[in-house]
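> Sending over a structure as structure tokens; questions will come in a sec.
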Amino acid sequence: MAASMQIRRSSASLRGEDSLIRKLPVVSKYIDTTTCIGCKACEVACQEWNDLKVVKTEQTGTYQTMPTLHAEYWNLIKFSEHDLGDSLAWLMRKDQCMHCADPGCLKACPAPGAIVQYANGIVDVNPDKCIGCGMCQTGCPFDVPRFHEKTAKMSKCSLCVDRVEVGLEPACVKSCPTGCLHFGTKEAMLELADTRLLQLRANGFTNAAVYDPKGVGGTTVVTVLAHGDHPEWYGLPKDPHIPLGVRFAKSILKPLGLIAIFGAVAGMFGHYLRSGPKEPHEPPPGGADQSGTTKETRP
Amino acid sequence: MTNGWVDIKNADVVLAMGANPAENHPCGFKWAIEAKKVRNAKLVVVDPRFTRTAAVADVYAPIRPGTDIAFLNGIMRHALATGRFHEDYIKIHTNAPYVISEKFSFEDGLFSGFDAAKGEYDKSTWAYEADPKTNAYLVDMELNHPRCVFQLLKKHLDRYTPEMVERICGTPQKDFLKVADIVTSTGNAARVGTIMYALGWTQHSIGVQIIRAAATMQLLLGNVGRPGGGVNALRGHSNIQGATDMAGTFEILPGYLKTPVSNQATLAEYLDKAAPTTLNKQAWSSMNYWSNYPKFMVSLLKAAYGKAATKENDWGYSWLPKTDGNYSWMYLFDDMYRGSNPNRAGGQEPGPEGFITFGMNPVGIGPNTSKMINALSKLKWLVVGENYEIETATFWKAPKEYGGPEASKIQTEVFQLPCSGFAEKDGTFTNSARWLQWKWKAIDPPGNSKTDQEILARIFLAVRELYRKEGGALPEQVLNVAWDYTNPAAPDLEEVLKEINGKAVTDIKDPKDPSKNIRTAGQQLENFGQLQDDGSTSCGNWLHLGVYTDAGNLAKRRSNEDPTGLGMFPKWGFSWPANRRVMYNRASADINGKAWDPTRPGIVWNGAKWVGDVPDIKPDSPPGQFGAFIMNAEGVGRLFAPSLNDGPMSEHYEAIEAAIDNPLHPKVTSNPAAKRFKSDKDVYGKKEDFPVVCTTYRLTEHYHYWTHHTNVLNQLQPGFFIEIPEQLAKEKGIANGQRARITSARGSIEGTAMVTKRLRQLTVDGKTVWHIGFPLHWGYSGDPQHVGPLANFLTPSAMDPNTWTPEYKTFLVKLEKA
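Residue numbers (the working numbering), protein chains in the order written: chain Y, 1 to 299; chain F, 1 to 818.
Okay, here's the thing in structure tokens:
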């Protein structure tokens with residue numbers, strides 16, 4: 001296994017926040033919405049590479065393929081129209097898992113090892129460990145994980161972890177005809193974004209910005225927005241956070257729970273020290289035989 | 001394209017108009033994005049709809065469908081009024097200084113020479129004036145002569161003020177002026193701009209004139225022949241350029257040679273009419289490359305008839321089919337529908353009884369679907385070569401609303417031959433950039449399906465056998481065809497490409513040293529300079545010459561080598577003509593052969609020869625010897641084109657179904673030379689009954705009428721829809737996602753309403769004019785879950801008089817809630 005694929009963090013783990021000694025560069029997908037033409041090549045590439053099934057859709061009055069992400073559709077261009085007074089913005093933003101540095105899904109997941117974050121930053125579902133409870137959905141501020149009816153597991157973009165592991169870019173990046181998608185280290189992608197931002201601002205998009213929200217520790221997906229002051233126009237939360245409930249459960253209740261568990265154990269030990277071992281009561285006459293008989297006759 | 005896809009990255013300004021490249025050419029569009037990112041180029045989109053191209057544009061201006069000439073003429077007027085045009089360029093590289101006959105006039109919407117009865121122009125009054133003393137072209141290099149092209153153009157354009165542009169196009173003046181300023185910023189040596197256009201310009205009754213306006217504008221701005229410039233047609237199919245090069249339409253032979261007509265009995269008579277001649281001109285003479293026409297034609301006849309073509313029998317010229325009227329497919333269908341041939345001389349013979357169609361779906365693509373279906377039902381037999389069961393093959397079971405006869409009453413015998421798809425055969429694709437690129441077969445055709453060439457070859461061999469056995473009216477025509485393929489029943493396409501390139505039939509002597517041969521018998525030719533008119537060379541298409549030489553099949557080349565750094569990639573595939581990447585590239589340099597912009601040279605004169613791209617001029621001819629436009633007899637680019645059928649300068653006319661009376665000349669509202677038919681099915685609507693302007697288009701997610709058979713793509717765009725501006729939808733009580741119905745004079749269809757801000761209300765000639773549109777990808781064949789109305793049920797059979805291309809892009813409808 002490549003070092004980048006070592007597991008840095010794992011759901012419901014007792015090992016703590018970060019279990020790796022080595023710090024490897026985090027990979028990143030760059031999305032420049034200002035040069036995205038909504039052609040949906042990435043949608044098809046994602047579906048074909050990941051062997052996802054065709055989803056039945058319906059024309060409801062939009063160019064968007066379907067209303068939201070789907071267990072068989074991990075990559076969706078979201079279209080929206082905005083009247084800017086003297087001009088119009090028809091925004092297209094590629095929606096998929098943002099691979100947060102501080103992943104709410106991982107935090108919320110109760111199944112040990114079902115959601116992992118690799119050393120390279122990719123957040124992935126391990127179907128072998130996933131119990132399909134859907135808790136990750138409640139932890140995700142971007143509404144990404146979906147329950148897959150057939151496998152009864154959670155399903156989402158893996159940033160083509162199998163491609164990345166062997167040094168390839170994700171399928172969506174490979175298929176993009178305009179080059180609005182790039183793949184590399186997060187540092188390099190942020191540099192790319194800075195260059196583009198300077199150009200956009202010089203060309204009148206004074207609010208152009210990179211979407212890399214701090215509330216989730218930053219995202220492994222770096223998105224350039226011309227209207228950076230309005231991420232909600234692109235279907236992005238303005239200031240995403242892991243939901244309070246999940247955060248409360250994981251950062252306060254979980255330690256409290258641990259304290260309670262360890263407290264109980266310590267208490268029991270103290271009790272033992274104080275009171276010594278519990279003496280057995282006298283067995284009732286013939287009791288052992290009776291219980292033995294009961295066990296044996298159980299169906 | 002005059003230039004090429006990659007070359008778009010060299011532009012300072014990219015005007016996408018009559019095209020929606022982000023949606024319909026997404027891969028090529030990457031170069032527009034590259035220009036934006038690397039050069040900070042400005043992308044300008046002028047379109048009736050705010051498209052996905054507009055979504056990434058720097059400036060978008062709305063326009064009423066079909067009014068592009070008024071817009072472009074307005075830009076040119078702006079260029080002339082502000083001095084933002086390339087004066088040095090137009091003096092040497094265009095016919096701006098040329099004086100036109102005093103018989104030429106333009107009054108009340110009509111050019112001189114109009115014959116109202118025929119609806120045609122006599123073009124003789126649009127001619128150049130010859131200097132009476134020298135018989136050379138009369139020119140005024142100061143551009144002051146009142147009848148010089150520059151002055152005539154200026155006068156012609158003077159009416160197209162920003163106010164008039166707004167009145168005709170509905171484009172607010174401030175939007176128009178923003179576009180005009182950016183586009184005319186390239187009217188100098190330092191900057192260059194390109195145009196990307198497609199069927200949004202060609203599919204009008206004034207289609208060719210729109211493109212003429214664009215070409216005139218680019219010449220005026222000095223943008224033709226230069227890297228980053230040009231007039232670039234984005235072709236709508238992966239190999240439509242190759243199809244056109246190889247005689248895709250009835251009036252041309254391979255290499256754009258003209259189809260002989262029935263009164264040209266001998267080759268000499270034909271050549272006399274077909275090959276243009278030039279007047280002498282002192283300072284700047286013309287190569288008139290078409291003077292080589294006889295070499296191209298004789299070599300083509302040698303390729304067609306091989307040994308049977310001899311000097312004595314005029315190289316087999318008499319066996320070539322001759323036309324006696326219009327055989328473009330619109331006319332064929334009119335003949336078919338009417339059961340006679342009124343469009344040809346005589347006109348009393350019966351219409352066609354059989355029809356063979358390959359790689360084409362006439363029921364889908366033809367205007368006025370009901371007429372198409374009824375026409376096919378009059379045939380005795382129909383052969384469809386396809387890999388899907390397309391609408392044409394199942395025309396006899398078209399839904400009732402299309403107005404065809406009941407299936408039981410149709411006698412047409414239909415044969416569907418299963419053909420291989422594009423990935424199931426090898427061969428070349430010629431892209432919009434004129435690059436012939438070899439493609440390799442990916443998989444074998446399934447089942448019993450065969451490649452097109454095998455099906456055609458086997459039909460040919462069977463027909464030839466019948467002629468051999470039974471004789472017939474003119475058996476030589478078929479029996480003499482050269483068919484020297486290793487496997488005659490399924491010719492190898494590399495062999496065919498070799499034949500197209502051409503070879504020496506006998507040894508060809510070096511004219512400079514007759515003791516040497518430039519080619520020996522049987523050797524592949526290297527360039528069209530080696531072609532001869534004495535039967536010693538054979539060549540299937542002179543334009544493709546160079547693609548398959550002794551060096552092998554150059555269409556297979558895939559080298560990323562880019563010596564100029566301008567993305568010309570001379571060792572990638574083969575770019576016709578002569579592997580030249582930018583056409584008219586002599587115009588990239590000034591009178592002394594220096595590049596207008598040294599950072600983007602096309603070719604430059606190094607004192608002994610032209611270097612850079614493959615020169616579009618005699619390589620060792622010093623600057624000043626020949627004009628840059630070697631295919632024009634006068635040697636220069638045409639701001640005034642005496643050759644078209646509907647006027648030497650572009651004039652705004654309304655569509656055949658006009659939304660308003662032409663504000664410039666209400667008595668001549670539409671193109672007076674446009675063609676239309678007269679059958680009972682050819683009905684045209686009036687604005688009083690059909691008040692809404694409508695246009696049709698394609699989507700990124702689908703390919704023509706083909707991919708509604710493909711479920712991955714159906715998922716992306718599941719069904720037919722109608723795009724309706726918000727305010728109009730409100731007026732009609734139609735909400736997004738509800739059903740709407742549109743009706744034209746010819747048909748009526750229903751679909752899901754897509755209510756949008758991207759189409760908007762325009763004020764035209766003082767009135768509100770609405771426009772709507774819908775994509776064309778559906779039909780009645782295939783998976784019942786993915787059928788939909790045929791868009792062309794609504795479109796009219798009105799045509800451009802130069803190309804007979806139907807007016808799919810502007811027609812009138814009414815809109816209702818369904």
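Backbone N, C-alpha and C define an ideal beta-carbon position, used for all residues, glycine too.
These figures come from a predicted structure and were not determined experimentally.
#1: Sort out for me which residues DSSP pairs Asn-313 (chain F) with in a bridge.
#2: With the cut-off set at 8 Å, would you say Ala-108 (chain Y) and Val-216 (chain Y) are in Cβ contact?
#3: Under DSSP, the alpha helix (DSSP H) around Tyr-73 (chain Y) begins and ends at which residues?
#4: Please report how far the alpha carbon of Val-13 (chain F) lies from the alpha carbon of Thr-194 (chain F), in whole angstroms.
#5: Counting only runs that start and end within the stretch 103-137 of chain Y, where is the beta strand (DSSP E) found for 3 or more residues in a row?
#6: Measuring alpha carbon to alpha carbon, tell me which of F:Pro-352, F:Asn-24 and F:Ala-633 ends up nearest Tyr-293 (chain F).
#7: If you scan the stretch 317-375 of chain F from start to end, which runs of the beta strand (DSSP E) of 3 or more residues do you find wholly inside it?
#8: How far does the alpha helix (DSSP H) with Ile-518 (chain F) in it extend, from its first residue to its last?
#9: Within a Cβ cutoff of 7 Å, which residues of the same chain sit near Pro-65 (chain F), ignoring the five residues on either side of it in sequence?
#10: Among residues of its own chain, excluding the 5 on either side of Met-66 (chain Y), which ones have a beta-carbon nearer than 7 Å to its beta-carbon?
#11: Is the shortest distance between the beta-carbon of Asn-232 (chain F) and the beta-carbons of chain Y less than 8 Å?
#12: In or out: Pro-362 (chain F) buried (at least 16 other Cβ within 10 Å) or exposed?
#13: Would you call Cys-27 (chain F) buried or exposed, if buried means 16 or more other Cβ atoms sit within 10 Å of its Cβ?
#14: Evaluate Pro-350 (chain F) with the Cβ neighbour count: other Cβ atoms within 10 Å of its Cβ, from every protein chain shown; 16 or more gives buried, anything less gives exposed.
#15: Please name the residue, chosen from Y:Thr-62, Y:Asp-102, Y:Asp-86 and Y:Ser-87, that lies closest to Arg-9 (chain Y) on a Cα-to-Cα basis.
#16: Using a Cβ-Cβ cut-off of less than 8 Å, list which residues of the stretch 264-277 of chain F approach chain Y; keep chain order.
#17: My output table needs one value for Gly-827 (chain F): the three-state DSSP class, helix, strand or coil.
#18: With distances taken from CA atoms, which of F:Ile-518, F:Asn-501 and F:Leu-497 is nearest Asp-863 (chain F)?
#19: Counting only beta-carbon atoms, is Cys-198 (chain Y) nearer than 8 Å to chain F?
#20: Mind listing which residues of the stretch 23-56 of chain F have their C-beta closer than 8 Å to chain Y's C-betas, in chain order?
#21: Whose C-beta lies closer than 8 Å to the C-beta of Gln-715 (chain F) among residues of the same chain, with five residues either side of it excluded?
#22: Pull up the distance between the alpha-carbon of Ile-182 (chain F) and that of Ala-628 (chain F), whole angstroms please.
#23: Please compile the residues from chain Y whose C-beta is within a distance smaller than 9 Å of the C-beta of Pro-598 (chain F).
#24: Scan the stretch 137-164 of chain F for residues whose Cβ lies nearer than 7 Å to a Cβ of chain Y and list them as they occur along the chain.
#25: Which of the three DSSP states is assigned to Phe-106 (chain F) in this structure?
#26: Can you list, in chain order, the residues of its chain with a C-beta nearer than 6 Å to that of Gln-173 (chain F)? Leave out the 5 residues immediately preceding and following it.
#27: With burial defined as no fewer than 16 other Cβ atoms inside 10 Å of the residue's Cβ, what is the status of Met-799 (chain F): buried or exposed?
#28: Could you tell me which chain Y residues have their CB closer than 7 Å to the CB of Pro-718 (chain F), listed as they occur along the chain?
#29: With 16 as the cutoff for other CB atoms within 10 Å, does Ala-96 (chain F) come out buried or exposed?
#30: Cβ closer than 7 Å: which chain F residues qualify as neighbours of Ile-31 (chain Y)?
#31: With distances taken from CA atoms, which of F:Asn-711, F:Thr-752, F:Val-769 and F:Pro-663 is nearest Met-164 (chain F)?
#32: Helix, strand or coil for Phe-114 (chain F) per DSSP?
#33: So Val-54 (chain Y) contacts chain F; which residues on that side make the cut at Cβ distance below 7 Å?
#34: Report all residues from its chain with a CB closer than 6 Å to the CB of Cys-180 (chain Y); omit the five preceding and five following residues, and keep chain order.
#35: With 9 Å as the limit, tell me which residues of the stretch 38-50 of chain Y have their beta carbon closer than that to any beta carbon of chain F; keep them in chain order.
#36: Whole angstroms is fine: what's the gap from Val-99 (chain F)'s alpha carbon to Trp-706 (chain F)'s?
By the coordinates alone:
#1: Per DSSP, Asn-313 (chain F) has no beta-bridge partner at all.
#2: Taking a C-beta distance under 8 Å as the contact criterion, Ala-108 (chain Y) and Val-216 (chain Y) do not qualify as a contact pair.
#3: Annotation: Tyr-73 (chain Y) is outside any alpha helix (DSSP H) and is labelled neither H nor E by DSSP.
#4: Using only the alpha carbons, I get a separation of about 6 Å.
#5: Those beta strand (DSSP E) runs which fall completely within the stretch 103-137 of chain Y and span 3+ residues are 115-118 and 123-125.
#6: Checking every option, the nearest Cα to that of Tyr-293 (chain F) belongs to F:Ala-633.
#7: DSSP runs (the beta strand (DSSP E)) wholly in the stretch 317-375 of chain F: 354-358.
#8: That residue, Ile-518 (chain F), is in no alpha helix (DSSP H); its beta strand (DSSP E) goes 513-519.
#9: Pro-48, Val-693, Thr-695, His-771, Lys-809 and Thr-810, listed in sequence order.
#10: Closer than 7 Å at Cβ, skipping near neighbours: Val-55, Thr-57, Tyr-73 and Leu-76.
#11: Output row for Asn-232 (chain F): interface = no.
#12: With 16 or more Cβ atoms within 10 Å of its Cβ, Pro-362 (chain F) is classed as buried.
#13: Of the residues assessed, Cys-27 (chain F) falls on the exposed side of the cut-off, its CB having fewer than 16 other CB atoms within 10 angstroms.
#14: So Pro-350 (chain F) ends up on the exposed side.
#15: Among Y:Thr-62, Y:Asp-102, Y:Asp-86 and Y:Ser-87, the Cα nearest to that of Arg-9 (chain Y) belongs to Y:Asp-102.
#16: Residues: none.
#17: A question about residue 827 (chain F) goes unanswered here, because the residues of chain F that appear run from 1 up to 818.
#18: Limits of chain F in this structure are 1 at one end and 818 at the other, which puts residue 863 (chain F) out of reach.
#19: With the sequence shown as reference, residue 198 (chain Y) is identified as Leu, and Cys is not the correct amino acid for it. For Leu-198 (chain Y), the answer is no, since every Cβ of chain F falls outside 8 Å of its Cβ.
#20: The residues in question are Glu-23, Pro-26, Cys-27, Phe-29, Lys-30, Ile-33, Glu-34, Lys-36, Lys-37, Asn-40, Phe-50, Arg-52, Thr-53, Ala-54, Ala-55 and Val-56.
#21: Result list for Gln-715 (chain F): empty, nothing under 8 Å.
#22: Straight across, the Cα-Cα distance linking Ile-182 (chain F) with Ala-628 (chain F) is about 27 Å.
#23: Residues of chain Y passing the Cβ test: none, with the nearest at roughly 25 Å.
#24: Those residues of the stretch 137-164 of chain F that come within reach of chain Y (Cβ to Cβ, closer than 7 Å) do not exist; the list is empty.
#25: Three-state result, Phe-106 (chain F): strand.
#26: Only Pro-162 and Glu-166 meet the Cβ criterion.
#27: Met-799 (chain F) sits buried, since 16 or more C-beta atoms from the chains shown fall within 10 Å of its C-beta.
#28: Thr-57, Glu-58 and Gln-59, listed in chain order.
#29: Looking at its Cβ environment, which holds 16 or more other Cβ atoms inside 10 Å, Ala-96 (chain F) is buried.
#30: Chain F residues near Ile-31 (chain Y): none, gap ~14 Å exceeds 7 Å.
#31: Closest by C-alpha distance to Met-164 (chain F), out of F:Asn-711, F:Thr-752, F:Val-769 and F:Pro-663, is F:Pro-663.
#32: The answer is strand: DSSP assigns Phe-114 (chain F) an E or B state.
#33: Close to Val-54 (chain Y), with beta-carbon spacing below 7 Å, are these residues of chain F in chain order: Asn-711, Val-712 and Gln-715.
#34: In the same chain as Cys-180 (chain Y), and ignoring 5 residues on each side of it, the C-beta atoms closer than 6 Å to its own belong to Asp-32, Thr-35 and Cys-36, in chain order.
#35: Under the 9 Å Cβ criterion, the stretch 38-50 of chain Y contributes Gly-38, Cys-39, Lys-40, Ala-41, Glu-43, Val-44, Gln-47 and Glu-48.
#36: In this structure, the CA atom of Val-99 (chain F) is about 51 Å from the CA atom of Trp-706 (chain F).
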